[in-house]
Every structure is written in structure tokens, then in C-alpha cells.
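Working notes, structure below.
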Amino acid sequence: GAVVSQHPSWVICKSGTSVKIECRSLDFQATTMFWYRQFPKQSLMLMATSNEGSKATYEQGVEKDKFLINHASLTLSTLTVTSAHPEDSSFYICSALGQGGIGELFFGEGSRLTVL
Amino acid sequence: KNEVEQSPQNLTAQEGEFITINCSYSVGISALHWLQQHPGGGIVSLFMLSSGKKKHGRLIATINIQEKHSSLHITASHPRDSAVYICALNNNDMRFGAGTRLTVKP
Numbered sequence: 065g066a067v068v069s070q071h072p073s074w075v076i077c078k079s080g081t082s083v084k085i086e087c088r089s090l091d092f093q094a095t096t097m098f099w100y101r102q103f104p105k106q107s108l109m110l111m112a113t114s115n116e117g118s119k120a121t122y123e124q125g126v127e128k129d130k131f132l133i134n135h136a137s138l139t140l141s142t143l144t145v146t147s148a149h150p151e152d153s154s155f156y157i158c159s160a161l162g163q164g165g166i167g168e169l170f171f172g173e174g175s176r177l178t179v180l
Numbered sequence: 112k113n114e115v116e117q118s119p120q121n122l123t124a125q126e127g128e129f130i131t132i133n134c135s136y137s138v139g140i141s142a143l144h145w146l147q148q149h150p151g152g153g154i155v156s157l158f159m160l161s162s163g164k165k166k167h168g169r170l171i172a173t174i175n176i177q178e179k180h181s182s183l184h185i186t187a188s189h190p191r192d193s194a195v196y197i198c199a200l201n202n203n204d205m206r207f208g209a210g211t212r213l214t215v216k217p
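Going down the list, the sequences are from chains A and B. Following our numbering, the numbering of the first sequence begins with 65 at its first residue and continues without gaps. Following our numbering, the numbering of the second sequence begins with 112 at its first residue and continues without gaps.
Here it is as C-alpha cells:
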């Protein structure tokens, strides 16, 4: 089946630094990718929808200047957490929509961010 | 009211039992996904439904578009089925249920 790879799987950084998380579709082209965050024992929260070649659509309450999303190619979307703070510590997950109007959804392995 | 309501929130079963997890929603959708998240965080999409019923091994998923309701069934449950099961709506964006934490005891 289709594979979505996320990198890094975990990262620890100091407060004030920026962290970039990559999401790659390995064997298919993904025009749409989604970014989520998940707090412990809570469900996924959609942060933004990323469409290749256009600006991401952010969910209400998600700061677009804080969470920069770039989807420059059909196989790569990146999420950059800028000037990270401890409250940004979370599990970040991406997914990619398979080809076709309502294609299958494939998830990355997730990236655990800890901001000290 | 949430757009996606999942029930139950937590479910404990004995190995071999038949499991049902329900998902009700209030918006129009193009598809509904059932997801499985294991303790490590990895997520697998089990089913994508736009109508009817799908079966994969011991898993069965049904959807009733008119009633805006879907169910995930697990037959002959096994401890390895222990996970969080999440209902997700797909209609240009994604909406998630709160998840059902399933524990199957041997």
C-alpha cells in the first residue's frame, strides 16, 4: 500500500528555536496533505490542509505564522514550528490523500516534538 | 454539538467478543474513514466508506448516509485489537471523532 513517511520521528529543541517536520508520500503523488496535532489521550486535531502549489488552509485558532506549511511538490509537505515554546510540545501527524476525488487517506508515523 | 460523535469512549472486552463502535455525524460528507491508532501513535486507515458496507478480515464497517451513522464491528476480538479507533469525516477537510479506546483482555 501507499506509504507516507514523516521525519523526524522525534525531536527535542530549545525554546525559541524553529523546527521543521517533513511529510513525504513515497509512492504516489499527493495533491492534498493534512497536518494534525495530538495531545496525550486526545483525538487528532486538524491544523491545516495543504494543497500543492497553493497556500495552506488553516483551521480556526491555528496561527499560520507560528505553524508554517509548505507544499512545494506533489510528494513533500513541510511543517515548521517557528519560535517554539514548551506549549508547542505535541505529537504532530501528517496524512496524504490518495489520488482520485475521495481517495484513501494515508498517515505518516508522527513526529513527537518536545520543547524545553 | 460536535460534528462527529463517537461512542463508546472507552470499551473493555474479553477476547472473542463481538465489538461495535458507533459514529454519528451531522454534516454532509464525501467519505468516512475508520482509523486505528496504536499506543505508539502510528495510525492506520482501516476503511474508507461512502456507502454500504466493507469487510476486511475480522473487521466490518457500515455506513448509512441517510441516517448519518457508521459502525465499526470487530468479530472474534483479540488483545492485539487493543487500540484507539477514530472515525473521521472527509469533505474537503477532515473532522475527527474523539476516539474509542478499546482494550481486549485475554
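We put the beta carbon where it would ideally sit given N, CA and C, even for glycine.
When you compare only the Cα positions, how much space is there between residue i and residue j?
i: B:Gly208; j: B:Cys198; result: 5 Å
i: B:Pro150; j: A:Gly162; result: 25 Å
i: B:Glu126; j: A:Trp74; result: 34 Å
i: A:Thr81; j: A:Met111; result: 20 Å
i: A:Leu140; j: A:Glu86; result: 7 Å
i: B:Val115; j: B:Arg206; result: 7 Å
i: A:Ser69; j: A:Glu168; result: 16 Å
i: B:Asn113; j: B:Lys164; result: 25 Å
i: A:Arg88; j: A:Glu116; result: 12 Å
i: A:Gly174; j: A:Val67; result: 13 Å
i: B:Leu183; j: B:Asn202; result: 20 Å
i: B:Ser193; j: B:Cys134; result: 18 Å
i: B:Thr123; j: A:Leu90; result: 37 Å
i: B:Met159; j: B:Gln148; result: 15 Å
i: B:Pro217; j: B:His189; result: 7 Å
i: A:Glu123; j: A:Tyr156; result: 15 Å
i: B:Glu128; j: B:Leu200; result: 27 Å
i: A:Met109; j: A:Val126; result: 10 Å
Thinking C-alpha only, which one of the options is nearest residue i?
i: B:Thr136; options: B:His189, B:Gly127, B:Glu178 and B:Thr123; result: Residue identity check: residue 136 of chain B is Tyr in the sequence provided, not Thr. The option with the nearest alpha carbon to B:Tyr136 is B:Glu178.
i: A:Ser118; options: A:Cys77, A:Ala136 and A:Thr142; result: A:Ala136
i: A:Thr95; options: A:Leu138, A:His71, A:Ala120 and A:Leu177; result: A:Leu138
i: B:Ile140; options: B:Ser181, B:Gly168, B:Arg169 and B:Gly152; result: B:Ser181
i: A:Pro150; options: A:Ile76, A:Met97 and A:His71; result: A:Ile76
i: B:Ala142; options: B:Lys166, B:Gly152 and B:Thr173; result: B:Thr173
i: A:Gln160; options: A:Phe92, A:Lys105, A:Asp152 and A:Met109; result: According to the sequence provided, residue 160 of chain A is Ala. The question's Gln does not apply to it. Among A:Phe92, A:Lys105, A:Asp152 and A:Met109, the Cα nearest to that of A:Ala160 is on A:Phe92.
Around the Cβ of residue i, are there at least 16 other Cβ atoms within 10 angstroms (buried) or fewer (exposed)?
i: A:Gly165; result: In this prediction, A:Gly165 scores a pLDDT of 48, lower than 50, which makes its location untrustworthy; no coordinate-derived value is stated.
i: B:Gln120; result: exposed
i: B:Arg191; result: exposed
i: A:Phe103; result: exposed
i: B:Gly210; result: buried
i: A:Ser114; result: buried
i: A:Phe170; result: buried
i: A:Val179; result: buried
i: A:Ile133; result: buried
i: A:Val83; result: buried
i: A:Ala148; result: buried
i: A:Ala120; result: buried
i: A:Gly172; result: buried
i: A:Val145; result: buried
i: B:Val215; result: buried
Is the beta carbon of residue i sitting closer than 9 Å to the one on residue j?
i: B:Ile185; j: B:Ile171; result: yes
i: B:Val195; j: A:Ser107; result: yes
i: B:Trp145; j: B:Ser162; result: no
i: B:Leu213; j: B:Ile154; result: no
i: A:Cys158; j: A:Leu177; result: no
i: B:Asp204; j: A:Phe131; result: no
Could you list which residues in chain D have their beta carbon closer than 7 Å to that of residue i, in chain order?
i: A:Glu173; result: The structure shown has no chain D; the protein chains it does contain are A and B.
(request) Tell me the start and end of each unbroken beta strand (DSSP E) in the segment 145–214 of chain B that is at least 3 residues and wholly inside, in chain order. (result) 154–160, 163–167, 170–175, 180–185, 194–202 and 204–207
(request) Let me know the beta strand (DSSP E) ranges lying completely inside the segment 115–140 of chain A, each 3 residues or longer, listed in chain order. (result) 131–137
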